[in-house]
Each structure stands twice: as C-alpha cells, then as structure tokens.
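Protein chains in written order, with my numbering: chain E, 63 to 405; chain D, 63 to 405.
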C-alpha cells in the first residue's frame, strides 16, 4: 500500500443556498480494511454531478442525505488493491459509488468491473456511465423524439445535455442546445446540434423562439428557472418533458415571488396535453446493458462525442463542485484523485 | 315536421369570469334543410359539460372557440326526421354534436346511430358516452391503478368522477372521492368508494390525509384549485396524474397571488418521479369500441351505477350550465330539449 492513511472529504455542515468550501472538511483516517466479500479500492476518478447538491440537503428526496460528518457520496472509478471477494482481484478496474475519498473498503457486489477497452476508464463516469445513461433513458423512454420533431436541452455542453442532443440527432430530430457562453455554444454546434443559444446573451426567449420555428416537442429538463420560462410558451401540443434535474433551483432558499403560475402550468398541461415525468436513471436500471451496448457502438462509430473537464486532486473537489453549479465546468467534470492503474 | 321554426342558443358575448345568462341569446331561425349526405335531427337530449366553458373563451385551447353569434356546441342525442344519407333513416336515434338547438341538419358521417337497447338513450351522453369514456381512458391509460393503490378523484358524484372511482374499485384499488355536500358524499359512498370527503366541510387537507393513510398513487385531476392543494403533499413516489379538467379555474380572470409555486411543483415531479399528462377523450378515439363493450357489461352486471340530473327545456340550458360550474348539479347534467322518439 502506497500510503498508510486515507484522505476523505466529509460534509461539515449543510449548505444554505450556494455551498461554500467550508461546508466540507478534509479528514485523514486510518486506511480501511476490507472484510469478507469486500475489496479495498483506490480511487482514480471521482465524478462530480449536480445531483450531489441534493445529498447535502435534508429536504425530502429520493435518497436520504449524507449525514453531517459523513463522507460525501459520489461515483468513482478505481483500482482494486486487495480483494476478499470472488470475481475481483488486485489490479482490476472497478466503477462504484465510493465517494469523495482516496480509498474505500466496499462490498464487491456494489462494484462493476471495467474491461480495459479502447476507451479511457473515466468514460465509465460520463458518456458510458450515469450521465450518459440518464440522457439515453430519459430521452428515449419519456421524450420519445420522432424524426422531424424539435428537442431542446439546456446545459448542452455537459455530459447529459450533449448526449441528449446527439441521440436526438441520431433519431432524426432537430436538436437545439442552450449553454453559457460562446465557446460552449460553438462546441455544442460542433457536436451536430442544429443550433445552440447562449443563455448569457440577451433575449433568451426570443432567440429560442427563432431557433424553434416549429415549436418544441421534447424538452429535456435539467435546469429549470429562466430556461424553463423561455421553453414553456413554445411547447407544442403533446410535448413530452422528461424532468431530470433543476440545477438552477438547487441553491434556492426562498420561494419565488408571485404571481403563482401553477394554475397556468396546469392549464397548459390540459389544453396542450403535455406529459411531464420525473425520473432518475436507476428507474431504468434494467436498460443498463442495452445502453452500454448502443452507446459504445455510437462512440466507436464517431456518432457520439464527449468532453471531459479534469480537476487534479481530491482537495479541489469542493471548489470544482461549487463552480459546476455556476456553470464553470466545460464537459463532464472529473476529479483525478490518484494515478492511473498500471496497464 | 312539428314546428316551422328552429330554436337555438347562441353565444351573445364571451363571459368574463362566471358566465351570465345574458352571455347567451335564444334565437328563432328557419328550420334547417338537410343537403346531400345529410340528415335533419330533432334534439331530444343536450349534454352540458364543463369543457364548454373553454369553448366560450378565446384563450388558446385544443379546439377553436364558438364564434360570437354562433350556436353553442354540445353533445346531443336526437331523432332523425329526414334523411338524405345511406345508413340512417327517419326514426333512427343518433348521438352527435348538434349543439344547443332544437334541430340541426348535419352530415350523417358525424353521427353515431344508437341501438335501441336496454339502457335509455341519454346514457350515450353520460356513462356510455363522452364522460364515461373520459374516465375510462384517462384512468386506465394514464392513471394505471394497481390493486391496493389509492385513487383520488374530485367531482366524484359527477359522470366522470363517479366512473373513475368505480373503475378504480373494479381494478382492486382504493377509491377516495371528493364532493360538495353530505348528500353527494353519501351517494358517492353508495357507489362503493371507500370514502368521500366533503370539500365544503372544514379542513379538506386533514380529512383527505386521514382518508389516504398510504398516500395517493393516482389523482384524476378535474378540478384544480384547493383540491389540488390538498392532494399535492399526499402524492406518493411514482404517482400518476391524468389531467382531464380544471373546473375551479375556468372562471378565473386573474393570476393567483404569490409566492410562485411552480418551482416546488417541478421539484416534486423530479424527486417523487411524478407523471402528469393532460388529455382529452378523443386522444383515445381508437378505444371507443372497447370502452363501449366493457362499460356496457359493467352496467349490465350492476358493477357500475350512474345518475342523471335532468333539466327540462332548452331555454334552461344557460342557467343549468352556470349552476354546474358552481357544483349545483347532482349527476350527469342533461337538458331535455324535446320528447322521446316513438318506440
């Protein structure tokens, strides 16, 4: 073992509004020891994702929050250092949810062994992992885009949004992205999106309307807020809205001021026969193998592209996470916690 | 022909808020003359339904509004008096959308010939007609109640709500109604609902919570407003909300005061993975034969009961319609426009 101690980032207190670095605390702890059926995994890659903001809050959600003093949860790719489990051995690469720490002793059953293939292992946390599958399952099961329809997605340069638009194009739909800044918009267009609107520019509603002359048939919701306000009047009859995330709301501490627009939303659901459906990726767990197969083929064929934004060092995870909520990352945000495994 | 003139109720002006009788005008016109492929139909029954409020308004909806000076639209059952069409002959009973008038000359293609069966022809406008099919299609396609789940519906003594609860029971679900007044609630319970809450009583949210100890899995939305507010916190994860009507909002003229609860609604859709889907019955037009067959069998077996509230005379339609929006009807609201056809 290369170090005698484990480093881990714990939740020091629940953030109020925008998280601060002081909401987290780096701890040094004894190296964990794997029990029967467990393995010791050294973290190579830690995934940072918007859903983690919910884990920091004790508002009701689909999973319990991280406890105060508990290690922040998160998806990881790592190397098996010791194994007490059949099926995994020292040197294996595994994907799991080992959290914001350098080492973890965990049940082998909760890990997925990664083949050493043509794509870097970090893709197991992005285009071939949870974000990619979120896009795939939400868009195809709920959005159900048809050829010629218009699909809109925000955070379009991110790992979910970029996949949503590229899959929409593969299905023959028109894909319109929304992203922050000219550089991200140029990247989104380079992925094959028909257009990308800069939400930092002026008149998002007007720009979006111009980019969607036939209205919007599928809106993959991952941000809420002003983007939703711009999308709402453009929704076509029978539009589908997979609700995957609401990043613009995650740091909100007070209800928005009135008037209350709930009645107008319900009226539009009725008169336009809209479908809203919230989901998380594991609602579609049974589709994982199909996703892996199809997405791998698309990447191999050059039909799906991806981009990673790498931050070096576990200690930088809090700042990187805070920046992500502000839209500062450009592509799938990953923390390199430790060196690659030997080939 | 028994009279030389036709009576018809036209929309005199668009109601602002609650409709007034003066928003309608009775006109006497020449008896219509059927053209080629048309029939002259004498109205026996006119159906009054909440969706008609939308037809009086020029706000965007799924069909264009009735023009000022135009005959109010509405479902009807009538007797064929003259026929220029194959397949229909004098004396036939037909269901159609001939509107608020005594006679209409219409294309035979838009009519459905009624068999003279064991049930009164008026049921073609209620339990075996549009309201019954609305309940059937919305509940089974969108609500998808499973045995042991809890289904809630308001306006539960009405033609849609009573059908929703009774079908839910047939599927093994728990059915909770909401209705206005003790008499209606007693009737709803007599239909086999597990409970019925009087929304005119005190503490609707508390009463509803007590009646739904395991939360709500399906909420068939046909009223909105305070009922929705009571339902919303009780929705279970993966709850389905067929949005069929919003009668409490139809006369609303100004947005509700704040705070804006849209963000909270979207957050619940996400974290509880709710499904909202708006619909009108004709979105499921292909299921009409199946509905007719299944509902007829249920009625014949005594498994579905229904109730009609009959108003005598076309001239009373405006007052009856206004009363319906206030919850004054008790059962399917019908106007008897003319005498039954000879047997």
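Where is the CB? At the ideal position from N, CA and C, for every residue including glycine.
- The beta carbon of residue 334 of chain D sits closer than 9 Å to some beta carbon of chain E.
- The residues 188, 221 and 370, in chain order, have a CB closer than 6 Å to that of residue 394 of chain E in the same chain once the five nearest residues on each side in sequence are set aside.
- Taking a Cβ-Cβ cut-off of 8 Å, the neighbours of residue 314 of chain D in chain E comprise 325, given in sequence order.
- Listed along chain E is no residue with a C-beta nearer than 7 Å to that of residue 240 of chain D; the closest approach is about 17 Å.
- The stretch 183–199 of chain E makes contact with the stretch 220–239 of chain E: 3 or more CB pairs, one atom from each, lie closer than 8 Å.
- Residue 333 of chain E sits in a helix when the DSSP states are folded into three classes.
- Contact of residue 122 of chain D with chain E is assigned, a C-beta pair being separated by under 9 Å.
- Annotation: the stretch 333–387 of chain E contains the following complete segments of the alpha helix (DSSP H) (minimum length 4 residues), in chain order: 350–362 and 379–387.
- If one requires a minimum length of 4 residues, the alpha helix (DSSP H) runs lying completely within the stretch 74–158 of chain E are 114–117, in chain order.
- Taking a C-beta distance under 9 Å as the contact criterion, residue 159 of chain D and residue 135 of chain D qualify as a contact pair.
- Contact annotation, residue 225 of chain D with residue 244 of chain D: C-beta distance approximately 22 Å; criterion of less than 8 Å not satisfied.
- Taking a Cβ-Cβ cut-off of 7 Å, the neighbours of residue 320 of chain E in chain D comprise 319, 320, 321 and 322, given in sequence order.
- Contact with chain E is found for residue 345 of chain D, since one of that chain's Cβ atoms lies less than 9 Å from the residue's Cβ.
- Sequence-ordered contacts of the stretch 292–311 of chain D with chain E read 299, 305, 306, 307, 308 and 311 [C-beta pairs closer than 8 Å].
- Apart from the 5 residues on each side of it in sequence, residue 242 of chain E sits with its Cβ closer than 6 Å to the Cβ of 261, 262 and 389 in its chain, given in chain order.
- Remark: C-beta atoms of residue 216 of chain E and residue 285 of chain E approach each other more closely than 9 Å.
- Beta-bridge pairing by DSSP links residue 282 of chain D to D/215.
- If you keep only unbroken alpha helix (DSSP H) runs of at least 4 residues inside the stretch 228–311 of chain D, you get 244–252, 266–273 and 287–293.
- Residue range 192–199 is occupied by the alpha helix (DSSP H) that includes residue 197 of chain E.
- Using a CB distance cut-off of 9 Å, residue 337 of chain E counts as an interface residue toward chain D.
- One Cα belongs to residue 334 of chain D, the other to residue 387 of chain D, and the distance between them is close to 32 Å.
- The stretch 64–79 of chain D makes no contact with the stretch 298–311 of chain D, as fewer than three CB pairs between them are under 8 Å.
- Contact check for residue 277 of chain E and residue 296 of chain E: beta-carbon distance about 5 Å, within the 8 Å limit, so the pair qualifies.
- Contacts with chain E at 9 Å (Cβ-Cβ) do not include residue 223 of chain D.
- Secondary structure of residue 319 of chain E (DSSP, three-state): coil.
- In the assembly as shown, residue 184 of chain E is a buried residue. Its beta-carbon has 16 or more other beta-carbons within 10 Å.
- For residue 136 of chain D, no CB of chain E lies under 9 Å from its own CB, so it is not counted at the interface with that chain.
- The C-beta separation of residue 304 of chain D from residue 200 of chain D comes to about 4 Å, placing the pair in contact by the 8 Å criterion.
- For residue 366 of chain D, same chain residues with a beta-carbon under 6 Å away, outside a window of 5 residues either side, are 228 and 360 in chain order.
- Rounded to whole angstroms, the Cβ separation of residue 86 of chain D and residue 380 of chain D is 4 Å, and the two are in contact under 8 Å.
- Under the DSSP definition of a beta bridge, residue 395 of chain E partners with E/371.
- Among the residues of chain E, those whose CB is under 7 Å from the CB of residue 341 of chain D are 335, following chain order.
- Interface annotation, residue 278 of chain E: not in contact with chain D, CB-CB separation never under 9 Å.
- DSSP links residue 325 of chain E through a beta bridge to no other residue.
- Residues of chain E with a Cβ closer than 7 Å to the Cβ of residue 114 of chain D do not exist, since the nearest Cβ in that chain sits about 14 Å away.
- Sequence-distant partners of residue 204 of chain E (beyond 5 residues in either direction) whose C-beta falls short of 7 Å from its own C-beta, in its chain, are 302, 304, 339 and 341.
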